[in-house]
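Visitor: Mind looking over this structure? Questions follow.
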Amino acid sequence: MSTVAFSNVPSFVDIHCHLLPGIDDGSRSWEDSLAMAQQMVAEGIDTVCVTPHQLGNYTSTTGQTIRQRTGQLQQWLQTNQVPLNVLPGADVRIDADMITRLQSGDCVSLGDRRRHVLLELPHELYLPLEPVLEQLERIGMVGILSHPERNRGIMRQPQVIEPLIRAGCLMQVTADSFVGEFGQEPEALAKHIVGNGWCHFLATDAHGSTKRPPRLRRAYDLAEQMVGRSMANAMCSENPRAVAEGRNVDALPPVVNNTNWMQRTTSWLFGRKSA
20 MSTVAFSNVP
30 SFVDIHCHLL
40 PGIDDGSRSW
50 EDSLAMAQQM
60 VAEGIDTVCV
70 TPHQLGNYTS
80 TTGQTIRQRT
90 GQLQQWLQTN
100 QVPLNVLPGA
110 DVRIDADMIT
120 RLQSGDCVSL
130 GDRRRHVLLE
140 LPHELYLPLE
150 PVLEQLERIG
160 MVGILSHPER
170 NRGIMRQPQV
180 IEPLIRAGCL
190 MQVTADSFVG
200 EFGQEPEALA
210 KHIVGNGWCH
220 FLATDAHGST
230 KRPPRLRRAY
240 DLAEQMVGRS
250 MANAMCSENP
260 RAVAEGRNVD
270 ALPPVVNNTN
280 WMQRTTSWLF
290 GRKSA
């Protein structure tokens, strides 16, 4: 089995997926992980940071467990001739122990590079992140906020996004949100974020081969229509590959001129808030 080649499209890197079997609410078995990996290759993905949940409801998931299971998964894929590079990582719920556990290595940074950490907020509310970002900066790390478009608190106050980016926070939008698989509100906010040039990464946040399977190509195509190929490449390939390799990503992406999309999503989001 070989990676699917799309004309003039670079290979993708996925920095958010629940591919490790039997560790959280993602893949349930090695067979499910194998099927997911095959789907990823078919989508054009060649590298993935596995990101099982840590902290929150998953306080017992250790860095050692994640690293060990990641190595086992890589061997499993090689045995089954699936050309997917698998790196350790985690989807880390923000809590009081996070900084200490990141410093010790027990909470796993993306690619295990000790540079970028995928941050998860409680789904129903927004908590000010500036103090967290400052703490991360002091230990040499950068926060990537996972799926802000699905957070109920951010949906109610999308104006918090731009100041977070200016404070150095990177944004990861889920591909399925962007193409409407999670409903109208996440779709509108995802398009608002992408259309403003505030999205640094599109990722699958896949949880299984049948339940929330890994899909990225459709989101790439839509992003190319909205903001152009250069930014689509940045969100699906260049920026996530930089993270996987421990390289810096600019928090302030280039401004995009996308008036039609912006008028539609901004009107819907802010009109709904004042209704």
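Using my numbering, read the sequence shown as starting at 20 and increasing by one per residue.
Glycine included, each C-beta is placed from N, C-alpha and C at the ideal position.
#1: So who's on the other strand from Gly162, going by DSSP bridges?
#2: According to DSSP, Phe31 sits in a beta bridge with which residue or residues?
#3: Suppose you measure from the CA of Glu206 to the CA of Glu200; what does that come to, to the nearest Å?
#4: Taking C-alpha atoms, which residue in Gln154, Gln122, Arg169 and Leu121 lies nearest to Pro141?
#5: To the nearest whole angstrom, what separates the beta carbons of Ser256 and Ser30, a pair I think is in contact under 8 angstroms?
#6: Report all residues from its chain with a CB closer than 7 angstroms to the CB of Arg234; omit the five preceding and five following residues, and keep chain order.
#7: What distance in whole Å lies between the Cβ atoms of Trp95 and Leu155, which are believed to be in contact at a cut-off of 8 angstroms?
#8: Roughly how far, in whole angstroms, is the beta-carbon of Leu74 from the beta-carbon of Asp43, given that I think they are within contact range, below 8 angstroms?
#9: Going by CA-CA distance only, name the one from Gln91, Asp110 and Arg112 that's closest to Asn104.
#10: Can you tell me whether DSSP reads Arg112 as helix, strand or coil?
#11: Could you tell me the distance, in whole angstroms, from the CA atom of Met117 to the CA atom of Leu208?
#12: Where Leu183 and Ile158 are concerned, what is the direct C-alpha to C-alpha distance, given to the nearest angstrom?
#13: Apart from the five residues just before and just after Asp33, which ones in its own chain have a Cβ nearer than 6 angstroms to its Cβ?
#14: Please state the DSSP three-state secondary structure of Tyr16.
#15: Where do the N-terminal and C-terminal ends of the alpha helix (DSSP H) with Met309 fall, by residue?
Guide: The structure says:
#1: Val136.
#2: BP columns for Phe31 point to Ile64.
#3: When rounded, the distance between both Cα atoms is 8 angstroms.
#4: The option with the nearest alpha carbon to Pro141 is Arg169.
#5: The beta-carbon distance between Ser256 and Ser30, rounded to whole angstroms, is 7 angstroms. This is short enough to meet the 8 angstroms contact definition.
#6: The answer, listed in chain order, is Glu62, Ala194, Asp195 and Thr223.
#7: Not a contact, Cβ separation roughly 33 angstroms.
#8: That belief does not hold up - the Cβ atoms of Leu74 and Asp43 are roughly 12 angstroms apart, past 8 angstroms.
#9: The residue with the shortest Cα to Cα distance from Asn104 is Gln91.
#10: Per DSSP, reduced to three states, the secondary structure at Arg112 is strand.
#11: Straight-line Cα distance between these residues: approximately 28 angstroms.
#12: Cα to Cα, Leu183 sits roughly 18 angstroms from Ile158.
#13: Counting only Cβ-Cβ distances below 6 angstroms, and skipping sequence neighbours, we find Ile64, Val67, Ala222 and Thr223.
#14: Lying before the first or after the last residue shown, residue 16 is absent from the chain, which here runs from 20 to 294.
#15: This structure leaves residue 309 out entirely; the chain is present only between 20 and 294.
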